[in-house]
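Reviewing the structure listed below.
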Amino acid sequence: MALRLYDTKTAQLRDFQPIKPGQVSLYYCGATVQGRPHVGHVRSAVAFDLLIRWLEASGHDVLSVRNVTDIDDKILEKSQASYAEGFEPTADYPAEEPWFALAYRFEQAFHEAYDALGVRRPRYEPRATGHITEMFALIQRLIEAGHAYRAADDSGDVYFDVRSWPKYGELTRQSVDDMQDAPDADPRGKRDSRDFALWKGHKDGDPETASWDSPWGRGRPGWHLECSAMSTKYLGETFDIHGGGLDLRFPHHENELAQSAAAGDGFANFWLHNGMVTYEGEKMSKSIGNTISPEEMLQQARPKAVRYFLGQAHYRSQLDYKPGALQEAEAAVERIESFISRALPESFSLVPQQHIPEGFRAAMDDDLNVPAALAVLHETVRAGNTAIDAGDKSAAEQRGLEAATMMSILGLLDVPEPDLSSGPAASALETLVQAQLDKRAEAKSAKDFGTADAIRDQLNAAGVVIEDTPQGASWSLKGDA
RNA sequence: GGUGGGGUGGCCGAGUGGCGAGGCAGCGGCCUGCAAAGCCGUAUACGCGGGUUCGAUUCCCGUCCCCACCUCCA
1 MALRLYDTKT AQLRDFQPIK PGQVSLYYCG ATVQGRPHVG HVRSAVAFDL
51 LIRWLEASGH DVLSVRNVTD IDDKILEKSQ ASYAEGFEPT ADYPAEEPWF
101 ALAYRFEQAF HEAYDALGVR RPRYEPRATG HITEMFALIQ RLIEAGHAYR
151 AADDSGDVYF DVRSWPKYGE LTRQSVDDMQ DAPDADPRGK RDSRDFALWK
201 GHKDGDPETA SWDSPWGRGR PGWHLECSAM STKYLGETFD IHGGGLDLRF
251 PHHENELAQS AAAGDGFANF WLHNGMVTYE GEKMSKSIGN TISPEEMLQQ
301 ARPKAVRYFL GQAHYRSQLD YKPGALQEAE AAVERIESFI SRALPESFSL
351 VPQQHIPEGF RAAMDDDLNV PAALAVLHET VRAGNTAIDA GDKSAAEQRG
401 LEAATMMSIL GLLDVPEPDL SSGPAASALE TLVQAQLDKR AEAKSAKDFG
451 TADAIRDQLN AAGVVIEDTP QGASWSLKGD A
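Heads up: the first sequence at position 286 corresponds to 286 in the UniProt record's numbering, and the numbers run straight through without jumps.
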């Protein structure tokens, strides 16, 4: 059975076949680095990380690209505001910060958030400002093809001519005439209010560093253009998959498609969009302010649990966050991990492709049905625990390898966790806890259960969980499997 | 107004024309000195009203409600 993916453009599940057998070219939209990442950003990154991992587990080489949009209106506005009189600096927005410094700083914040959740870096991560000449070339092609024009006023803007491209709206199946009129206060030199800027002429007050000489005068690129320019540069004029958040479908992806297709590029064969993250039913967004940061989540739960939470719903579904959700995820992750550590010897080598259960493969091949795949994982854990209880070591180990494989494919083995098992503090703790356990063992063998239980309660209160096994007592820290 | 996605047991969340995924929480049991972990069992779930059908949560029609997008959005 082959991989099927839901393509937003055709609104249906389609068999996925890469253009080049064995290699998949994937572009997915990263962030406009104008602020700290919120959960929606990392959900999207986790979703596409999952896709990449599954493609790889299925034997593909994945050429992945994720953009950094490091210039746009918001970045400039925020930088500009930091110079204004009466500006009150905060930890996230210091005073007098140039736009490029602000963008660079938040780009790093995104990296930290991705890294913390085991989202692997894409093969290439190009910045918009590094591809101005590629954008020139694209604009030039559009002008020559009659799909872009210089603004009628003296703004120096260049617009995409929506009416010149009959397919405009094909991605979201909308017709230009049915679109709600943009409340465009400043139509400037546009022919149609839906026309969008490819190039924005330099305005007084904009920093000189945020403008480039172009054939149409000094200025800066419009939003959308960078993704068309960069995706085709790194992946070719036709590539396999273009992804991003559902909210980017319109206008961002619609415009990308229009400008690339109108310039004569084949562009993406598949369009994938992940669902939004909501907070108790409402979309999390900067403008509403109901966001939860990845940092806040990481304070509440282990990184693995956070990743599990973000990946557990189907990627196209809305993912609702509510208090307590992370604790549930933590319980599920710990159940799986404690099984794997019971079933497998200290060190084991994993050859993923040898241990993928058929049900898991079928679920993932079905448009990355992670919830169904997780059901297989949990069933494997139960079967493995049963085998352990029955003393069937080889069956337990087999289930253990399968469970570890699935965890690996889901990216849950790569999530960095604080290492509590080495270092001087760890060995001091080990010595102290072991001394208590020895005392408890003595008390137990003397049938002095009062003392034994007191020791256990005391350790428990300190966050050390005791488990008695036939081989003696073992301990672990709460929240650390 | 246009476009798209939804309403599933206490919560989360898949899925299917007829054997009630999975997780979390709960309850009962096994195990345990007692626990923990693990295992077994346990829920009269599919917004509402019609229709098609031997049979619908699943298909069709109607209806109510929710969410997203329509030029800041992952």
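Cβ atoms here follow ideal geometry from the backbone N, Cα and C, with glycine treated the same way.
Everything numeric in this text was worked out from a predicted model, so none of it was measured.
Collapsing the DSSP output to three states places A263 in coil. According to the DSSP assignment, F160 belongs to the beta strand (DSSP E) that extends over V158 to F160. Secondary structure of R307 (DSSP, three-state): helix. DSSP places Q80 in the uninterrupted alpha helix (DSSP H) bounded by D73 to A81. Our two residues, R399 and I388, have alpha carbons roughly 10 angstroms apart in a direct line. Excluding the 5 residues flanking it on each side, P323 has no same chain C-beta neighbour closer than 7 angstroms.
The closest CA to that of D154, considering only T172, T209, Q17 and R218, is found on R218.
When DSSP states are grouped into helix, strand and coil, P424 belongs to the helix group. Approximately 18 angstroms separates the beta-carbon atoms of Y315 and A332; this is outside 8 angstroms, ruling out the contact.
Under the rule that a run must span 4 or more residues, the alpha helix (DSSP H) segments found entirely inside the segment 85-131 read 99-116. Comparing alpha-carbon positions, the option among P221, Q471, Q300 and A383 lying closest to R335 turns out to be A383. Counted as a single uninterrupted DSSP element, the alpha helix (DSSP H) harbouring Q458 occupies residues F449 to A461. By the neighbour-count definition (other C-beta atoms within 10 Å, threshold 16), G205 is an exposed residue. Between F360 and V376, the beta carbon gap of about 4 angstroms places them in contact (Cβ cut-off 8 angstroms). Shown here for D61: same chain residues with a beta carbon closer than 8 angstroms to its own, the five before and five after excluded, namely G22, Q23 and V24 in chain order. For I241, the enclosing beta strand (DSSP E) covers residues T238 to G245. Counting other Cβ atoms within 10 Å of its Cβ, R36 reaches 16 or more and is therefore classed as buried.
Taken through DSSP and simplified to helix, strand or coil, W54 comes out as helix. For A372, the enclosing alpha helix (DSSP H) has its first and last residue at V370 to D389. Residues R53, W54, A57 and P352 of the same chain have their beta carbon placed closer than 7 angstroms to that of I409, with the five preceding and five following residues left out of the count. Between the alpha carbons of T10 and Q17 lies a distance of about 15 angstroms.
Secondary structure note for P221: its beta strand (DSSP E) is the uninterrupted segment G219 to P221. For V176, the three-state secondary structure derived from DSSP is helix.
Within its own chain, the residues whose Cβ lies closer than 7 angstroms to the Cβ of T129, once the five positions on either side in sequence are excluded, are D70 and I71, listed in chain order.
Residue state for D438 is assigned as helix, using DSSP reduced to three classes. Per the C-alpha coordinates, the member of Q300, E256 and I466 positioned closest to Y168 is E256. Counting only the Cα atoms, V65 lies some 17 angstroms from K20.
The C-alpha of E97 is placed about 8 angstroms away from the C-alpha of Q80. Here DSSP, grouped into helix, strand and coil, assigns A137 to helix. Between D365 and the set S317, L50 and A325, the nearest pair of CA atoms involves L50. Assignment of A210 by DSSP, reduced to helix, strand and coil, places it in the helix class. Annotation: Q108 to H38 spans about 14 angstroms, alpha carbon to alpha carbon. The beta-bridge partner set that DSSP reports for E282 consists of Y279. Residue pairing from DSSP places K20 in a beta bridge opposite Q23. At a cut-off of 4 residues, the continuous stretches assigned as alpha helix (DSSP H) that sit fully inside the segment 310-355 are 325-343. Here K190 has Y159 as same chain residues with Cβ atoms under 6 angstroms from its own Cβ, once five neighbours each way along the sequence are excluded.
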